[in-house]
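Sequence lines, in order, name chains A and X. In terms of this note's numbering, the first sequence is residues 214 to 494. In terms of this note's numbering, the second sequence is residues 6 to 297. Idealized CB from N, CA, C, for every residue including glycine.
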Amino acid sequence: MDSLPSSLRQPSVIPGFGLALGLTLAALSLIVLIPLAALVLRAASIGPQAFLEVALESRTLAALRLSFGTALAAAVINSVFGLLIAWVLVRYRFPGRRIIDSAVDLPFALPTAVAGIAMTAIYAPNGPIGAIAQSMGFKVAYTPVGITIALIFIGLPFVVRTVQPVLEEVEQDIEEAAALLGASRARTVFQVVLPHVYPALLTGFALAFARGVGEYGSVIFIAGNIPEVSEIAPLLIVIKLEEFDYGGATVIATVMLVISFAMLFVINALQSWSRAKHGNV
Amino acid sequence: MAMSDRLLPLSHAPKRATSETLLTRILLIGIAGLFLGTILFLPLLTVFVEATRKGWTPILESFQDPDTRSAIRLTLLVAAIAVPVNAVIGLAASWAIAKFEFRGKNLLLTLIDLPFSISPVISGVVYVLLFGAHGWLGPWLSSHGIEIIFAVPGIVLATILVTFPFVARELIPLMQSQGTSEEEAALTLGASGWYTFFRVMLPNVKWALLYGVLLCNARAMGEFGAVSVVSGHIRGLTNTMPLQIEILYNEYNFVGAFAVAALLAALALLTLVAKSALEWMFAGELAACRRH
């Protein structure tokens, strides 16, 4: 590897490029790329007609609609409250702030199955919040609403942690200037400060959305998993696998993968756009 | 001066134009607290409340269950393999990416991050399609007596895939910001490559490495979707702690399920404490990781 043509890498006195890159590429290929290629090859071997037949089945479409719909709703809610939480954590000093700041990462640390059974216990008809909802005449657990709540839990840190560092870097000078020029506080916040944060907020939204679409562990307990009502796409993949319908599982996995890649592309584009925008400030 | 200060009524205290009124601040903090309380703290609290609902004896009994014990052992084993593997790969990847300039670097970065944007279930499915009984290599493997799917190797592989980016993405931004001058100085003074790696580079990134390892370990022990697909749920053999929670829960053994859940939640809290401690003590040496 060290004999790579010099056009591929710039010369350096530091050794170990071949070993480090070789190990990285070998691990990446064996663990990530080859298995993913196996999925794509399998999907390609199914044939377009059979592929579309599974992809357009009403149960598949309902599951995809549910996964993307609930993930979208959760990401929107997380964008609003995540921005508010980031604002409170960056701008205000109050007792317990550091603890709250650390606790925002709880969904990263808490296993999804643990969160799933805990939220089911809360929102089931006999749980503390579920009972209140029941008495008011609607159900939370075992409906798309319950799924959305689970996805809010999972996605929240993505928004807060993307927005927080950007908000910290906004200069107070521009706020003083706006105030001196006669802008009200609300106008200063919404038209001067927040526009700096919107690119990061969009990135956080996209990350939370992407995570929500693929989420499994925290959702399956609270979802109730009724076909075409509260059955998410990842669960449908698992069901197809358990029925040894590898073709069906492959088709749904491929559809989800393609959409995930599209979103990854959008996230990267948003990040470079945000970086370019900040370079200009 | 002192007089006039005292005469000024409180409401005349100069109002800062770059902050919100006290009422707005209290309101916003209240909304944030209420939201976090409902969404984050209530589930955490529920885990411990449900686990101790019938006192401590049933919890201790549920940890006597041989299936639960074997699930704890398997989870520890899987993390003990997956985390060091990812630490080594992460160090290699960050050495290559941060210390050298080469073509295709951005593509490599994107590919390393790829597992973050794939559903965990799909991360399991790809291995079933590759190594499963009806998979590409399945028949060959079974004729040679090698079991990967519905066995421990599959669980380890799926866990490594899901946690693949954790260490690398903590190290790469930090090592990029540190540059290469210290390594170049060491090499110029006659240090060997390995000496430079272990004695110059590694001490500079040790806290970031620990930070990445912590997050990687938390995810490895808690992974559910990917592991669930490849495990086959064989009691006492291929159930990790999160899968054992699912089984106990579906059998309506809520105390047992929440007892295992409480153990994992305690581990999550420990992870958070250690992570925050690292952030507070070594903010400078981690600064890069909060800015990606």
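For the 8 Å CB-CB criterion, T29 of chain X and E389 of chain A do not form a contact. The stretch 90-103 of chain X makes contact with the stretch 237-244 of chain A, as at least three CB pairs between them are under 8 Å. Identification of residues in the stretch 457-473 of chain A having a C-beta nearer than 8 Å to some C-beta of chain X yields F457, Y459, A462, T463, A466, M469, L470 and S473, given in sequence order. Taking the Cβ atoms as the reference, G35 of chain X lies roughly 38 Å from V126 of chain X, outside the contact range of under 8 Å. Between M226 of chain X and chain A, the shortest Cβ-Cβ separation is below 8 Å.
Look at F107 of chain X here: in three-state DSSP terms it is strand. Looking only at X:F169, X:I86 and X:V52, the smallest Cα-Cα distance to F259 of chain X is reached by X:V52. The Cβ-Cβ distance between A276 of chain A and A446 of chain A falls below 8 Å. What R30 of chain X touches in chain A, judged by beta-carbon distance under 8 Å, is Y305, going in chain order. DSSP, reduced to helix, strand and coil, places R58 of chain X outside both helices and strands of the structure shown, so it counts as coil.
Between the C-alpha atoms of T325 of chain A and I452 of chain A there is a straight-line separation of about 19 Å.
By the C-beta criterion, the stretch 235-242 of chain X is judged to be in contact with the stretch 153-166 of chain X, since at least 3 inter-stretch pairs fall below 8 Å. Of the residues assessed, E441 of chain A falls on the exposed side of the cut-off, its CB having fewer than 16 other CB atoms within 10 angstroms.
Beta-bridge pairing by DSSP links R222 of chain A to X:F107.
Residues F371, T375 and I480 of the same chain have their beta carbon placed closer than 7 Å to that of L420 of chain A, with the five preceding and five following residues left out of the count. Collapsing the DSSP output to three states places I227 of chain A in coil.
Taking a beta-carbon distance threshold of 8 Å, I154 of chain X does not count as an interface residue toward chain A. If you draw a 10 Å sphere on the C-beta of G430 of chain A, you find 16 or more other C-beta atoms in it, and that means buried. Here V442 of chain A carries a coil assignment [DSSP, helix/strand/coil]. Of all C-beta pairs linking the stretch 186-197 of chain X to the stretch 45-59 of chain X, fewer than three are shorter than 8 Å, placing the two stretches out of contact. The three-state reading of DSSP puts N481 of chain A in helix, counting H, G and I together.
When Cβ-Cβ separations below 8 Å define contact, V130 of chain X makes contact with chain A. Chain-order list of chain X residues neighbouring M332 of chain A: P48, by C-beta distance under 7 Å. In the displayed model, V317 of chain A falls within coil according to three-state DSSP, outside both helix and strand. For the set A:L302, A:A423 and A:I450, the Cα lying nearest the Cα of I433 of chain A is the one of A:I450. For G198 of chain X, the nearest beta carbon of chain A is closer than 8 Å to its own beta carbon. With respect to A256 of chain A, V383 of chain A sits apart: the two C-beta atoms are not nearer than 8 Å. Within the same chain, Cβ atoms closer than 7 Å to the Cβ of G368 of chain A are found at A287, A288, N291, A421, R424 and G425, the five residues on either side in sequence being excluded. Across the stretch 230-245 of chain X, CB contacts with chain A closer than 9 Å involve G230, A231, S233 and V234, in sequence order along the chain. Taking L268 of chain X as reference, the option from X:T73, X:L32, X:L45 and X:E25 with the minimal CA-CA separation is X:T73. Cβ-Cβ distances below 6 Å link S280 of chain A to V426, I445 and A446 in the same chain, with the five nearest sequence neighbours on each side left out; the list follows chain order.
By the rule that beta-carbons nearer than 8 Å mark a contact, F351 of chain A does not touch chain X. Legend: CB atoms of the stretch 221-232 of chain A lying less than 7 Å from CB atoms of chain X belong to residues L221, R222, Q223, S225, V226, I227, P228, G229 and F230. Sixteen is the threshold: since fewer than 16 other Cβ atoms of the shown chains lie within 10 Å of the Cβ of S258 of chain A, the residue is exposed.
Taking the Cα positions, E188 of chain X is about 13 Å away from F230 of chain A.
Annotated as proximal: L176 of chain X and L214 of chain X, with beta-carbon spacing under 8 Å.
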